[in-house]
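Asks: Under numbering that gives the first Met the number 0, think of the first position of the sequence shown as 0, with each following residue one higher.
Beta carbons are placed, not taken as given, at the ideal position from N, Cα and C, and that holds for glycine.
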Amino acid sequence: MKLKNTLGIAIGSLVAATSFGALAQGQGAVEVEGFAKKEMFDSARDFKNNGNLFGGSIGYFLTDDVELRLGYDEVHNARAEDGRNIKGSNTALDALYHFNNPGDMLRPYVSAGFSDQSIGQNGRGGRNGSTFANLGGGAKLYFTDNFYARAGVEAQYNIDQGDTEWAPSVGIGLNFGGGSKKVEAAPAPVAEVCSDSDNDGVCDNVDKCP
Numbered sequence: 000m001k002l003k004n005t006l007g008i009a010i011g012s013l014v015a016a017t018s019f020g021a022l023a024q025g026q027g028a029v030e031v032e033g034f035a036k037k038e039m040f041d042s043a044r045d046f047k048n049n050g051n052l053f054g055g056s057i058g059y060f061l062t063d064d065v066e067l068r069l070g071y072d073e074v075h076n077a078r079a080e081d082g083r084n085i086k087g088s089n090t091a092l093d094a095l096y097h098f099n100n101p102g103d104m105l106r107p108y109v110s111a112g113f114s115d116q117s118i119g120q121n122g123r124g125g126r127n128g129s130t131f132a133n134l135g136g137g138a139k140l141y142f143t144d145n146f147y148a149r150a151g152v153e154a155q156y157n158i159d160q161g162d163t164e165w166a167p168s169v170g171i172g173l174n175f176g177g178g179s180k181k182v183e184a185a186p187a188p189v190a191e192v193c194s195d196s197d198n199d200g201v202c203d204n205v206d207k208c209p
């Protein structure tokens, strides 16, 4: 019974989120996303393999094109050369600039921001903490005004250690709550109607006849 109630709430929430009007995108919109990344670690870390990162983000559209996004993810399936299982986490704040217009099916974007990482190390205990400067790009494909899929890649420069790592990612998300306004068509010009008191086909204001 509890499972049914949980499923009902989840389905109801999804239906409610995807039933907003066609103007859900644009300034004031909120996007929530779940994503997966493949972290290409720098060789200086002495890890045996690259890691899988899973996380989520929430973003707010300051304008129709500019989104401020806060994200969090955790590192899984990474191994150090000494055999230990590497665990870690990242918290990121990025600004995204979207191309095309709200409501378009495809919206490419570029991103820039900073992230804080805490991650295990090879050959020693504790975690290494680093700050990264991030640059990225990708595209969002909107299946509806509220539901989208995203693919992108980020270059992550480790400010503390001076190396660069790469992170391709994919995600799915919901967009809701925006208020982008449609541009109203200009009213059709109304033909000027003139008076013709003597019915000679010439307007009174230019008629020379008495």
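S88: which of F53, N100 and A43 sits nearest, CA to CA?
Replies: F53
Asks: Between the beta-carbon of L95 and the beta-carbon of R68, is there less than 8 Å?
Replies: yes
Asks: At which residues does the beta strand (DSSP E) containing D72 begin and terminate?
Replies: V65 to R78
Asks: Taking the beta carbon of V31 as the centre, do at least 16 other beta carbons fall within 10 Å, making it buried, or is it exposed?
Replies: exposed
Asks: Following the continuous beta strand (DSSP E) through D144, name the residue where it begins and the one where it ends.
Replies: Unbroken run through D144: none, as it is neither H nor E.
Asks: For the ligand ADP, is there a heavy atom less than 7 Å away from the beta-carbon of Q116?
Replies: The ligand content of the structure shown is nil, which means the ligand ADP is not present either.
Asks: Which class does K181 belong to by DSSP, given the choice of helix, strand or coil?
Replies: Interpretation of K181 is limited by its pLDDT of 49, a score under 50 that renders its predicted location unreliable; the figure taken from the coordinates is listed afterwards. Of the three classes helix, strand and coil, the one that applies to K181 here is coil, per DSSP.
Asks: What are the boundary residues of the beta strand (DSSP E) that D84 is part of?
Replies: The amino acid occupying residue 84 in the given sequence is Asn; Asp does not appear at that position. Looking at the DSSP string, the run of the beta strand (DSSP E) that includes N84 is N84 to H97.
Asks: Can you grab the Cα-Cα spacing for the pair G70 / D81, in whole Å?
Replies: Going from the Cα of G70 to the Cα of D81 covers about 30 Å.
Asks: Is DSSP giving S56 helix, strand or coil here?
Replies: strand
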